[in-house]
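Everything below concerns the one structure shown next.
In the numbering used here, the protein residues as written are 1 to 152.
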């Protein structure tokens, strides 16, 4: 007796539910008034008044297609977001710019970056992810992540 492969719609629902659950956990874990994790900002960014900053930027992580993916919410909708994955030493392992878009279940603008970092990894966080909202000049809190390292 054989089994049939699951339909893609099942995986799409599972992905959406997982991302929503992770977003809720990330929102609950990040204090609404958290200070930016770093005073520096990417080149070419501008600062805006604090009253225009989004409330409670947050990040979460998950594995997608065998790679680490970083997602987050409360970014400026339609705005540019810089996301970086760094080793604890501060060395950048992967980074990129994305545009925050609407996503049901994620408040504000949702930002997602698929990295080329293999996942899942052995337990233990040797790095972190952080995002920067260019529109408001605001950093998200740091999200501890495991960065897979090859040993040859």
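Even for Gly, the Cβ is constructed at its ideal location relative to N, Cα and C.
Since we're looking at a predicted model, the values are computed, not measured.
TODO: State the CB to CB distance for the pair residue 145 and residue 129, rounded to an integer number of angstroms; the pair is presumed to be in contact (CB under 8 Å).
DONE: 5 Å
TODO: Assuming residue 127 contacts residue 88 (C-beta within less than 8 Å), just tell me the rounded distance between them.
DONE: 6 Å
Open item on the list: Please identify the residue among 58, 103, 151 whose C-alpha is closest to the C-alpha of residue 77.
Closed with: 103
- [ ] Kindly indicate which residue of 70, 63, 75, 61 has the alpha-carbon position closest to the one of residue 139.
- [x] 75
Open item on the list: Taking the beta carbon of residue 55 as the centre, do at least 16 other beta carbons fall within 10 Å, making it buried, or is it exposed?
Closed with: exposed
Open item on the list: By alpha-carbon positions, which one of 135, 67, 108 ends up nearest to residue 81?
Closed with: 135
Task: Start-to-end residues for the beta strand (DSSP E) that takes in residue 118 - done: 106–118
Task: Whole-Å CB distance - residue 73 paired with residue 108, under 8 Å assumed - done: 5 Å
- [ ] Please list, in chain order, all residues of the same chain as residue 27 whose beta carbon is under 6 Å from its beta carbon, the five residues on each side excluded.
- [x] Confidence at residue 27 is low in this model, with a pLDDT of 40, below 50, so its placement is unreliable and the value that follows should be read with caution. If we look at residue 27 and ignore the five residues flanking it on each side, its Cβ neighbours are 58.
Task: Span separating the alpha-carbon of residue 101 from that of residue 79 - done: 8 Å
TODO: Rounded to whole angstroms, what's the CA-CA distance from residue 143 to residue 84? Just pull it up for me.
DONE: 10 Å
TODO: Take the Cβ of residue 141 as the centre, count every other Cβ of all protein chains shown within 10 Å, and call the residue buried at 16 or more, exposed below.
DONE: buried
- [ ] Could you round the C-beta distance between residue 119 and residue 63 to whole angstroms and report it? I think they count as a contact, below 8 Å.
- [x] 4 Å
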